[in-house]
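Colleague: In terms of UniProt numbering, the sequence shown has 207 at position 207, counting the first letter as 1, and numbering is strictly consecutive.
This is the structure I have questions about; it appears just below.
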Amino acid sequence: MLPGNHPLEIIPRRLYWVSDRTPPAMKNRVHVFSVDQELSYLPYASDFGPLDIGCIFRYCVHLDNILEDPKLQHHAIYHYTSLIPAKRANAALLMGAYQVIRLDRSADEAWEFFLSTTRFIPFRDASAEGSPFELYILDCLKGLQKAIHLGWFDYDTFDLNEYEKLTRVESGGLNWIIPKKLLAFSAPAAEGRPKDKALTPEQYSKIFRNLGVSTVIRLNKEHYDHCRFTSSGLQFIDLYFLDGSVPPDDIVRQFLEIVEEQRGAIAVHCKAGLGRTGTLIGCYAIKCHGFTGPEFIGWARLCRPGSVLGPQQYFLCEFEEKISSNKALGKVNEMVRAKSPQAPVRGEMTLFEKYKAKFGEMGQSERLTQMMKSAPSSPLNIPNSPTPKSIGNSNLRIPPGSALRNYLKEKEKQENGG
Numbered sequence: 001m002l003p004g005n006h007p008l009e010i011i012p013r014r015l016y017w018v019s020d021r022t023p024p025a026m027k028n029r030v031h032v033f034s035v036d037q038e039l040s041y042l043p044y045a046s047d048f049g050p051l052d053i054g055c056i057f058r059y060c061v062h063l064d065n066i067l068e069d070p071k072l073q074h075h076a077i078y079h080y081t082s083l084i085p086a087k088r089a090n091a092a093l094l095m096g097a098y099q100v101i102r103l104d105r106s107a108d109e110a111w112e113f114f115l116s117t118t119r120f121i122p123f124r125d126a127s128a129e130g131s132p133f134e135l136y137i138l139d140c141l142k143g144l145q146k147a148i149h150l151g152w153f154d155y156d157t158f159d160l161n162e163y164e165k166l167t168r169v170e171s172g173g174l175n176w177i178i179p180k181k182l183l184a185f186s187a188p189a190a191e192g193r194p195k196d197k198a199l200t201p202e203q204y205s206k207i208f209r210n211l212g213v214s215t216v217i218r219l220n221k222e223h224y225d226h227c228r229f230t231s232s233g234l235q236f237i238d239l240y241f242l243d244g245s246v247p248p249d250d251i252v253r254q255f256l257e258i259v260e261e262q263r264g265a266i267a268v269h270c271k272a273g274l275g276r277t278g279t280l281i282g283c284y285a286i287k288c289h290g291f292t293g294p295e296f297i298g299w300a301r302l303c304r305p306g307s308v309l310g311p312q313q314y315f316l317c318e319f320e321e322k323i324s325s326n327k328a329l330g331k332v333n334e335m336v337r338a339k340s341p342q343a344p345v346r347g348e349m350t351l352f353e354k355y356k357a358k359f360g361e362m363g364q365s366e367r368l369t370q371m372m373k374s375a376p377s378s379p380l381n382i383p384n385s386p387t388p389k390s391i392g393n394s395n396l397r398i399p400p401g402s403a404l405r406n407y408l409k410e411k412e413k414q415e416n417g418g
């Protein structure tokens with residue numbers, strides 16, 4: 001075993017996480033499992049994660065099943081991952097998320113176990129040239145923790161089938177970022193074509209009625225008649241700004257006012273529904289729900305991989321700083337520079353990103369959209385594997401959780417001095 005790759009004890013004498021060249025030996029009363037191949041990320045460019053909330057849910061159910069297996073009740077359970085940096089980072093995210101979701105630990109408590117091991121590479125955005133902005137695993141865990149606190153994610157009621165179905169482009173390319181409030185989706189097709197997976201406004205309208213959406217906001221250039229939405233009773237608003245750029249202050253102000261005033265859910269799209277869409281939704285989450293910029297980016301990418309690109313990442317950190325210091329919203333759109341206390345640590349914005357912040361990047365959204373359309377129907381990569389079938393089963397059942405209940409009861413007893 002290499003230095004710094006010792007097993008991390010997640011639950012005393014029961015659950016461990018380890019990254020090494022080879023998995024631990026399957027000795028007596030030792031059970032080793034890995035999901036490096038079963039749970040995978042579909043990249044847009046050089047991005048490699050984080051794995052989405054569907055993968056996290058599958059992992060939690062899978063690990064619950066292992067811990068509840070009567071044949072393994074007296075075994076030490078090891079989650080093994082390789083030394084491949086991307087696989088290692090996503091495996092740590094999964095175990096961290098499991099602690100937050102199932103072991104009732106805070107993000108900081110969950111991450112403390114990983115501080116003694118070799119440093120993890122940060123997640124990168126989906127831009128073609130790659131941004132120096134660093135998104136840490138802890139950012140994603142904190143975003144998840146906050147979302148759970150706000151009721152945006154509930155393990156007991158999460159509908160995996162619905163999430164994975166709506167995520168597919170042929171089903172709309174939809175993701176709730178803020179459930180029952182803000183829905184991100186890809187731009188509709190002006191005309192339905194057999195080879196084009198994108199849906200038309202009429203097809204989206206039917207879906208929106210079932211989801212409780214009352215308003216559609218378009219952020220990209222007009223390529224379909226808005227009456228195709230309003231004719232079905234939906235309100236429609238245009239808030240255009242350049243592809244790949246950061247939103248002007250008046251756009252941010254209008255968006256926040258609309259979201260705060262609307263009672264029904266709002267569906268937001270740009271071309272791919274990732275950059276401009278994620279950025280404006282982030283402004284609302286930061287202003288109204290207390291997210292930090294990185295926490296929101298982490299949460300948004302768990303919901304909708306690829307969200308928020310290039311200078312938009314720095315913009316949200318700067319927006320957070322301005323909100324927290326009670327500066328006027330009208331000054332939000334000052335050119336985003338690495339003067340935020342978080343920015344230098346995460347990588348300073350390049351000259352090209354500063355250019356994009358103001359002038360955008362022609363063709364970025366088209367590239368992202370084509371990548372989305374070329375993705376396989378299933379979000380999973382499930383080869384023939386000895387790993388239990390619960391990972392690939394879309395009709396997952398959550399086990400009773402007696403072992404987890406015992407652990408949580410013991411933890412509560414210790415906290416109460418019992």
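Positions of the beta carbon are idealized from the N, C-alpha and C atoms, including for glycine.
State the start and end residues of the unbroken alpha helix (DSSP H) segment that holds residue 436.
Modeller: No statement about residue 436 is possible, as the shown extent of the chain runs from 1 to 418 and does not include it.
Colleague: Between the Cα of Gln73 and those of Tyr80, Ser82, Leu63, spot the shortest distance and give me the residue it belongs to.
Modeller: Position 73 of the sequence shown, counted from the first residue, corresponds to residue 73. Comparing Cα positions, the closest option is Leu63.
Colleague: From which residue to which residue does the beta strand (DSSP E) around Val268 run?
Modeller: On the sequence shown, position 268 is the one that residue 268 refers to. Segment 265-269, the beta strand (DSSP E) holding Val268.
Colleague: Confirm, please, whether the CB-CB distance from Ala285 to Ile178 is below 9 Å.
Modeller: Stepping through the sequence shown from its first residue, residue 178 is reached at position 178. Stepping through the sequence shown from its first residue, residue 285 is reached at position 285. Yes.
Colleague: I'd like the span of the beta strand (DSSP E) that includes Asp238, first residue to last.
Modeller: Translated into positions along the sequence shown, residue 238 becomes position 238. First-last of the beta strand (DSSP E) with Asp238: 235-238.
Colleague: Do Ile251 and Phe241 have their beta-carbon atoms positioned less than 9 Å apart in this structure?
Modeller: The count along the sequence shown starts at 1 and reaches residue 241 at position 241. The count along the sequence shown starts at 1 and reaches residue 251 at position 251. Taking 9 Å as the Cβ cut-off, Phe241 and Ile251 qualify as a contacting pair.
Colleague: Note down, one range per segment and in chain order, each beta strand (DSSP E) of at least 3 residues found wholly within the segment 142-226.
Modeller: Within the segment 142-226, the complete beta strand (DSSP E) runs of at least 3 residues are 175-178, 182-185, 213-218.
Colleague: Using DSSP's beta-bridge definition, name the partner residues of Tyr59.
Modeller: In the sequence shown, counting from the first residue as 1, residue 59 sits at position 59. Paired residue(s): none; Tyr59 is not in a bridge.
Colleague: How would you label Ser116, buried or exposed, when you count the other beta carbons within 10 angstroms and need 16 or more for buried?
Modeller: Taking the sequence shown and counting its residues from 1, the one referred to as residue 116 is at position 116. When all chains shown are included, Ser116 counts as exposed.
Colleague: Secondary structure at Glu9, three-state DSSP: helix, strand or coil?
Modeller: Position 9 of the sequence shown, counted from the start, is the residue given in the question as residue 9. In the structure shown, Glu9 sits in a strand (DSSP, three-state: E or B).
Colleague: Is the number of C-beta pairs between the segment 227-235 and the segment 276-284 that are closer than 8 Å three or more?
Modeller: With the cut-off at 8 Å, the segment 227-235 and the segment 276-284 do not touch.
Colleague: Return the Cβ separation of Ile77 and His31 in integer angstroms, given the expectation that the two are a contact with Cβ distance under 8 Å.
Modeller: As a position in the sequence shown, residue 77 is number 77, starting the count at 1. As a position in the sequence shown, residue 31 is number 31, starting the count at 1. Contact flag correct, Cβ pair sits at about 5 Å.
Colleague: Suppose you measure from the CA of Gly244 to the CA of Asn210; what does that come to, to the nearest Å?
Modeller: Position 244 of the sequence shown, counted from the first residue, corresponds to residue 244. Position 210 of the sequence shown, counted from the first residue, corresponds to residue 210. The straight-line gap from Cα to Cα measures roughly 31 Å.
Colleague: For Ala184, tell me which candidate among Lys142, Gln364, Val308, Leu8 has the shortest Cα-Cα distance.
Modeller: On the sequence shown, residue 184 is found 184 positions in, with the first residue counted as 1. Among Lys142, Gln364, Val308, Leu8, the Cα nearest to that of Ala184 belongs to Val308.
Colleague: With Ile66 and Phe33 assumed to form a contact (beta carbons below 8 Å), what rounded beta-carbon distance in angstroms separates them?
Modeller: Within the sequence shown, the letter at position 66 stands for residue 66. Within the sequence shown, the letter at position 33 stands for residue 33. Between Phe33 and Ile66 the Cβ distance is about 6 Å, and since that is below 8 Å, they are a contact.
Colleague: According to DSSP, simplified to helix, strand and coil, what is His289?
Modeller: Counting from 1 along the sequence shown, the entry for residue 289 is found at position 289. Of the three classes helix, strand and coil, the one that applies to His289 here is helix, per DSSP.
Colleague: Just tell me which of Ser82, Cys303, Ser46, Arg88 has its CA closest to the CA of Glu162.
Modeller: As a working note, residue 162 is residue 162 in the sequence shown. Cα-wise, what sits closest to Glu162 is Cys303.
Colleague: Where does Leu135 sit, in a helix, a strand or coil, going by DSSP?
Modeller: What you label residue 135 is simply residue 135 of the sequence shown in a count that begins at 1. DSSP places Leu135 in strand when its eight states are reduced to three.
Colleague: Identify whether Ile66 lies in helix, strand or coil by the three-state DSSP scheme.
Modeller: Start at 1 with the first residue of the sequence shown, and residue 66 comes out as number 66. Reduced to three states, the DSSP call for Ile66 is helix.
Colleague: I'd like to check one pair, Thr292 with Lys181: are the Cβ atoms closer than 9 Å?
Modeller: The residue labelled residue 181 in the question sits at position 181 within the sequence shown. The residue labelled residue 292 in the question sits at position 292 within the sequence shown. Contact: no.
Colleague: Drop a sphere of 10 angstroms on the beta-carbon of Phe359, count the other beta-carbons inside from all chains shown, and report buried for 16 or more, exposed for fewer.
Modeller: In the sequence shown, counting from the first residue as 1, residue 359 sits at position 359. Phe359 comes out exposed.
Colleague: Distance check for Phe123 and Phe255, CA to CA, integer angstroms please.
Modeller: Position 255 of the sequence shown holds residue 255. Position 123 of the sequence shown holds residue 123. So the alpha carbons of these two residues sit roughly 28 Å apart.
Colleague: Could you work out which residue in Asp159, Gly273, Ala357, Val169 is closest to Pro248 when comparing CA atoms only?
Modeller: Within the sequence shown, numbered from 1, the residue matching residue 248 stands at position 248. Of the candidates Asp159, Gly273, Ala357, Val169, the one whose C-alpha sits nearest the C-alpha of Pro248 is Ala357.
Colleague: In chain order, what residues of the same chain have a beta carbon less than 6 Å from the beta carbon of Gln99, not counting five sequence neighbours either side?
Modeller: By 1-based counting over the sequence shown, the position of residue 99 is 99. Cβ within range, chain order: Arg105, Ala110.
Colleague: Taking the alpha-carbon of Arg13 as reference, which of Tyr44, Cys60, Glu38, His75 has the nearest alpha-carbon?
Modeller: Working through the sequence shown from its first residue, we reach residue 13 at position 13. The shortest C-alpha separation from Arg13 is found at His75.
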